[in-house]
Ligand SMILES: Cc1cc2nc3c(=O)[nH]c(=O)nc-3n(C[C@H](O)[C@H](O)[C@H](O)COP(=O)(O)OP(=O)(O)OC[C@H]3O[C@@H](n4cnc5c(N)ncnc54)[C@H](O)[C@@H]3O)c2cc1C
Ligand code: SF4
Ligand code: SF4
Ligand code: FES
C-alpha cells in the first residue's frame with residue numbers, strides 16, 4: 048500500500064503508516080507563521096527528531112526549546128493554543144496537512160512515517176489569526192449565546208432532583224453534549240465564512256455545532272422552556288435555512304456529534320414553529 | 011459609589027460554581043481565565059463525582075460515612091469540619107447538576123446510575139459517560155453564559171492573573187483586586203474587587219509531565235504565596251500508578267486494566283532491547299506478583315506506584331532503560347478485552363498507536379493531583395461532639411447529624427478565606443478537604459462545593475464586611491498602579507534579558523530547559539518515594555536552577571501574544587513553589603497518605619497530625635510551621651487498606667473498580 052500523506056487518509060491507512068514508521072528518524076514540520084493580525088504570513092520549516100508515540104504538540108514543544116529553522120535561522124517559538132492534550136478541550140485545533148483536527152491526538156507516525164517526511168501545520172481559516180497557529184474563536188462561543196444553550200433553572204438553591212430521563216434520551220443528549228467547541232465542523236462548512244467584524248456575527252451563519260446545541264437543550268424537559276426563543280433565532284438570517292446540506296461537518300467532527308441529524312431535527316422544529324407563528328400571529 | 015464587584019480567577023468547576031452563585035446573589039462578577047472557561051482543565055476528569063444517594067442510604071450508607079471515608083482516605087490530615095459539610099452537601103449538589111441538565115447515566119427506570127469507586131464498599135459515584143468532568147464543566151459554563159448574557163458576569167478570557175493587589179500588613183492585610191495581563195495584546199492592568207477568589211487549579215507542571223493540562227503550573231498560587239498567602243501541605247501530591255507516558259504529557263490508564271487481569275512486568279535482563287512480544291515468559295520479571303503473592307498486580311495504588319518507581323528509578327530496570335514498565339493484557343482474549351475495556355483501550359491506541367490487545371502497554375506512575383494548596387480557614391458549624399467517634403459501621407446510625415450547617419456555618423465571611431482577608435481559595439488550589447490523599451471522584455465534589463457553599467460567604471463579605479465600610483472603589487488609584495508598575499517592569503526585565511544575543515538552544519538559561527529539569531528533579535525526589543538526603547539534594551538543585559533562572563533568556567521578545575514570556579514568568583514562580591513542596595517533604599519526618607519517606611516509614615500522629623504551613627520570606631526562602639489539625643469529630647485510625655490480614659477481606663479492593 049502506498050503511503051498516504053494526503054488529508055483524506057483513512058484510519059486504516061494511518062494505522063498502516065504507523066506500522067512502517069522508522070525509528071530514530073526526523074520529521075520536517077512546515078509551519079505557517081504570522082506575527083499578528085494584518086501581518087503577512089510566511090513558512091518556516093523545522094527538523095524535529097521523532098520519539099516513539101510523538102504527537103504534533105510534542106514537536107511544537109521541541110521547537111520552542113530549539114527555535115532554529117532548517118536553514119539555520121534563529122526564530123521564535125511557534126504560538127499555538129492547547130489545554131488538555133487528551134482531545135477533550137478542543138483548544139489545539141489546527142490544519143494538519145490541510146485538514147482541521149486536534150494536534151494533541153495527531154501522531155507523527157500516522158502522518159509522516161519515513162525519514163524526512165513533511166507534516167504541514169496551518170491555522171484554521173474560518174477564524175481570524177491572533178498569531179501563528181492561534182486563532183480567535185470567540186464567535187464560536189457567541190453562537191452558543193445566540194441559541195440560549197442552557198437550561199433555565201430557578202437558581203442554585205436546593206430544589207430537589209432534575210427531571211427523570213430514559214437511558215436512550217440520556218445517550219442522545221450525551222452524544223451532543225460531547226461537543227468541545229473545537230470548530231472543525233465550521234472549518235469544513237462551505238456556508239460558514241470568516242467574519243472578523245463582531246457586529247455581523249448575529250446575522251452570519253451560526254454553524255452546525257450551535258444548531259446541534261439548540262437540539263440538545265430543546266430535548267431537555269426544562270431546557271425546552273426556551274425552545275421557541277431558540278427556534279426564532281434559527282429562523283433569522285444566519286439560521287438553519289442557510290445550511291446547504293453539504294454534510295461536510297458531520298464527517299470531520301472528532302467527537303461524532305450527530306450534526307446532520309440535529310440539522311434535520313431543528314429544520315423540522317423551525318418549520319412547525321413558523322406555521323404556529325403564522326397562524327397565531329405571535 | 012459604584013457597587014463592589016467580586017473577582018474570580020479561574021473558570022474550572024470551582025470558579026464557575028462560585029461565579030454562578032455569587033452573581034445569583036446580586037453581586038457582579040469579573041471572571042478571569044487563561045483559557046476560554048469551557049476549556050479549563052476540569053474537562054479532563056473522567057470517572058465521576060461522589061455523593062450519598064438513596065440506594066446506598068437504604069443499604070446503610072450515609073453522608074456521615076462518606077465523611078468518614080474521606081478522612082480515612084486522607085489519613086486524617088484534613089480539618090474535619092469542612093469535610094463534614096462537604097459530604098452533607100454532596101447529594102444536593104448532584105441534584106442541582108441534574109437540574110442543570112448534566113446527562114448523568116441512567117438506569118432502565120430512569121434513575122441516575124451509580125458506580126463503585128475506590129475507598130468505599132457502596133456505590134456512591136455518579137457519572138456521565140466517560141467524560142464526567144467535561145459534562146459538569148459544560149453545565150456550569152452554560153449557566154455562566156446565561157448570566158453573562160444578562161450582564162451579571164463579565165468574562166475576561168485569555169487574561170493571566172499576575173499578582174494580587176493588597177493593602178495593609180500582617181493581620182490587617184486585605185486583598186482589594188488583582189493585576190492581570192491580556193495574553194494577546196500583552197496589556198497589563200489592575201482591577202478592583204471587593205473580594206478575590208482564586209480558583210486556579212493544581213500545579214502538576216512543577217513535576218514536568220503529569221496528567222494535568224498545560225496551564226496547571228501553580229503559578230497563580232505561587233504569586234499569592236509570594237505576596238504573603240500561606241501555602242499548606244504542599245508535599246501532599248497524589249501520583250496515579252498507571253499513566254501512559256507521552257512525549258508531551260501523561261494520560262491516565264484506568265486501573266480497571268489491572269482489575270481485568272493486566273500483568274505488570276519488566277524484562278529480567280537490564281537494558282533488554284528485544285520487543286516485548288519476543289521476550290519469553292521465563293525472562294520476564296513480574297515484580298508485583300513475585301513480591302506480593304497474595305495481591306499480585308492488585309496491590310493498593312500507593313504500593314503499586316512505589317514498586318514501579320523502585321524498579322525503574324532505583325534499579326534502572328525500566329523498559330528500554332526508560333521510566334516505564336509493561337502493563338500486559340496481550341495474553342487475554344481480544345474479544346473479551348474489547349467487551350470489557352473497549353473505551354480505555356481505544357484511548358491508549360489513539361495516543362500511543364499500539365493496540366493493547368496485542369502489544370503490552372507501557373505505563374509509569376504519573377503526578378495527578380495536589381492535595382496541598384493555599385491555606386484557608388472557616389467558621390465551624392453548630393455540631394459540638396460530646397464524644398469522639400471511632401469506626402462507623404455500615405448500618406449504624408450516623409453519630410454526627412448529617413444536616414447542612416453542622417460542619418461549617420453557611421455564609422460566615424471567612425469560609426475558605428486565606429490568611430489575607432478578602433482573598434479566597436476554591437477548588438484544587440484550596441488545601442482544605444483531601445488531607446494526605448484524595449479519594450477518587452471527591453475532587454469534582456470539593457470544587458463545586460467550594461463555589462456553591464463558600465460563594466455565599468464571598469457575597470456576604472462583600473456586602474457586609476470590609477468592602478462595605480471601606481469600599482475598594484474609593485481606594486487611591488496609586489495602590490493599584492504600584493502593582494501594575496511592578497509587573498510591567500518584571501515583564502520588561504524578562505523581555506530585555508538578551509533575546510537573540512546567545513544560542514537559543516543553550517539550556518543554561520533557556521526557560522523551557524529549566525522547566526524541564528525542574529520537572530525531572532521534582533518527580534525523582536518528591537513524589538512516590540522520598541528520603542531526607544534526596545530531598546536535601548533536590549533543594550540544592552532548586553538553588554542551582556534558581557541561579558540559572560536569574561539569567562533566563564527568552565527566545566521571543568515580541569510584545570504581541572508572547573507565550574514564551576508567560577511560560578518563562580511561570581517557571582520562576584514554579585521554582586519558588588517547588589521549594590515549599592520539597593521543604594515540607596523534608597521536614598515532615600513520617601509517612602502519611604501519599605507522602606512516603608523510606609527513612610520514616612510510619613505515621614506519627616503526635617508530631618505530624620499537623621498541617622504544614624509554608625510562609626514566604628522576602629529572600630526567596632520558605633519558613634515551615636506545623637499547625638495541629640482540628641480533629642474533634644472522628645478519631646484517627648490506622649490507614650490499613652488491605653495491609654493486615656484481618657482487614658483484607660472487608661476492605662474493597664480499590665483496583666478492581668474504575669478510579670481516576
Ligand atoms: C486526568 C484527570 C482525571 C481526573 N478525574 C477525576 C474524577 O474522575 N473525579 C474527580 O473528582 N476528580 C478528578 N480529577 C481531578 C479534578 O479534575 C480536578 O481536581 C478539578 O477539575 C480541578 O478543578 P478547579 O476548578 O480547581 O481548576 P481547573 O479546572 O484546573 O481550572 C483552573 C482555572 O484557572 C485558570 N487559571 C489558572 N492559572 C491562571 C492565571 N494565572 N490567570 C488566570 N487564570 C488562571 C485556568 O484558566 C482555569 O480556568 C481528575 C484530574 C485529572 C488530571
Ligand atoms: S450540512 Fe450545513 S452546517 Fe454542515 S457543512 Fe454542510 S452547510 Fe455546513
Ligand atoms: S460539533 Fe464536533 S466539530 Fe463541531 S465544534 Fe463540536 S466537537 Fe467540534
Ligand atoms: S489540547 Fe485539548 S483537545 Fe487538544
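Chains as they are written, first to last, in the working numbering: chain A, 48 to 329; chain B, 11 to 670. For every residue, glycine included, the Cβ atom is placed at its ideal position computed from N, Cα and C. Just so we're clear, the structure is a prediction, and the values are computed from it rather than from any experiment.
Segment limits, beta strand (DSSP E) that includes residue i
i: residue 161 (chain A); result: Run containing residue 161 (chain A): none; DSSP gives neither H nor E here.
i: residue 621 (chain B); result: 620 to 626
i: residue 166 (chain B); result: 163 to 167
i: residue 433 (chain B); result: 433 to 435
i: residue 147 (chain A); result: 146 to 149
i: residue 374 (chain B); result: 371 to 380
i: residue 273 (chain B); result: 273 to 277
i: residue 206 (chain B); result: 205 to 208
i: residue 464 (chain B); result: From DSSP, residue 464 (chain B) is part of no beta strand (DSSP E); its letter is neither H nor E.
i: residue 637 (chain B); result: 632 to 638
i: residue 579 (chain B); result: No beta strand (DSSP E) contains residue 579 (chain B), which is instead part of the alpha helix (DSSP H) from 573 to 597.
C-alpha distance - residue i paired with residue j, whole-angstrom precision
i: residue 133 (chain A); j: residue 148 (chain A); result: 13 Å
i: residue 261 (chain B); j: residue 255 (chain B); result: 7 Å
i: residue 663 (chain B); j: residue 450 (chain B); result: Residue confidence for residue 663 (chain B) is low, a pLDDT of 36 falling below 50, so the modelled location carries little weight; the figure read from the coordinates is stated next. If I take the Cα positions, the gap works out to 13 Å.
i: residue 365 (chain B); j: residue 125 (chain B); result: 27 Å
i: residue 291 (chain B); j: residue 77 (chain A); result: 45 Å
i: residue 588 (chain B); j: residue 400 (chain B); result: 36 Å
i: residue 271 (chain A); j: residue 305 (chain B); result: 52 Å
i: residue 114 (chain A); j: residue 644 (chain B); result: 56 Å
i: residue 218 (chain B); j: residue 104 (chain A); result: 15 Å
i: residue 310 (chain A); j: residue 56 (chain B); result: 29 Å
i: residue 49 (chain B); j: residue 158 (chain B); result: 17 Å
i: residue 80 (chain B); j: residue 415 (chain B); result: 18 Å
i: residue 666 (chain B); j: residue 362 (chain B); result: Here residue 666 (chain B) scores only 33 on pLDDT, less than 50, and its place in the model should not be relied on; the value that follows carries that caveat. Residue 666 (chain B) and residue 362 (chain B): Cα-Cα distance of roughly 24 Å.
i: residue 653 (chain B); j: residue 312 (chain B); result: With a pLDDT of 47 at residue 653 (chain B), under the threshold of 50, the modelled position of that residue is not reliable, and the figure given next carries that caveat. Answer to the nearest angstrom: the Cα atoms are 12 Å apart.
i: residue 207 (chain B); j: residue 499 (chain B); result: 26 Å
i: residue 28 (chain B); j: residue 20 (chain B); result: 10 Å
i: residue 87 (chain B); j: residue 67 (chain B); result: 27 Å
i: residue 162 (chain A); j: residue 513 (chain B); result: 27 Å
i: residue 465 (chain B); j: residue 540 (chain B); result: 37 Å
N- and C-terminal bounds of the alpha helix (DSSP H) containing residue i
i: residue 41 (chain B); result: That residue, residue 41 (chain B), is in no alpha helix (DSSP H); its beta strand (DSSP E) goes 39 to 43.
i: residue 548 (chain B); result: 542 to 560
i: residue 489 (chain B); result: 487 to 505
i: residue 81 (chain A); result: That residue, residue 81 (chain A), is in no alpha helix (DSSP H); its beta strand (DSSP E) goes 73 to 81.
i: residue 269 (chain B); result: 266 to 269
i: residue 94 (chain A); result: Per DSSP, residue 94 (chain A) belongs to no alpha helix (DSSP H); it is in the beta strand (DSSP E), 88 to 96.
i: residue 259 (chain A); result: 255 to 265
i: residue 233 (chain A); result: 231 to 235
i: residue 296 (chain A); result: 295 to 299
i: residue 389 (chain B); result: Looking at the DSSP string, residue 389 (chain B) is not in any alpha helix (DSSP H), and its letter there is neither H nor E.
Short Cβ contact (8 Å threshold) for residue i with residue j
i: residue 204 (chain B); j: residue 16 (chain B); result: yes
i: residue 476 (chain B); j: residue 529 (chain B); result: no
i: residue 100 (chain B); j: residue 149 (chain B); result: no
i: residue 170 (chain A); j: residue 229 (chain A); result: no
i: residue 136 (chain A); j: residue 53 (chain B); result: yes
i: residue 378 (chain B); j: residue 249 (chain B); result: yes
i: residue 518 (chain B); j: residue 124 (chain A); result: no
i: residue 258 (chain B); j: residue 94 (chain A); result: no
i: residue 168 (chain B); j: residue 188 (chain B); result: no
i: residue 312 (chain A); j: residue 262 (chain A); result: yes
Q: Would you mind listing the alpha helix (DSSP H) stretches within the region 305 to 353 of chain B that are 4+ residues and don't spill past its ends, in chain order?
A: 311 to 319
(Q) Please give me, in chain order, every unbroken run of the alpha helix (DSSP H) with length at least 4 that falls completely inside the region 222 to 257 of chain B. (A) 229 to 236
Q | Runs of beta strand (DSSP E) wholly within the region 148 to 199 of chain B (minimum 3 residues, chain order) | A | 163 to 167, 169 to 177, 184 to 192
Q: Select from the region 131 to 146 of chain A all residues with a C-beta closer than 8 Å to any C-beta belonging to chain D, and list them in chain order.
A: No chain D appears in the structure shown, which is made up of the protein chains A and B.
Q: Quick one: which unbroken alpha helix (DSSP H) runs of 4-plus residues sit fully inside the region 66 to 118 of chain B? Chain order, please.
A: 73 to 83, 90 to 109
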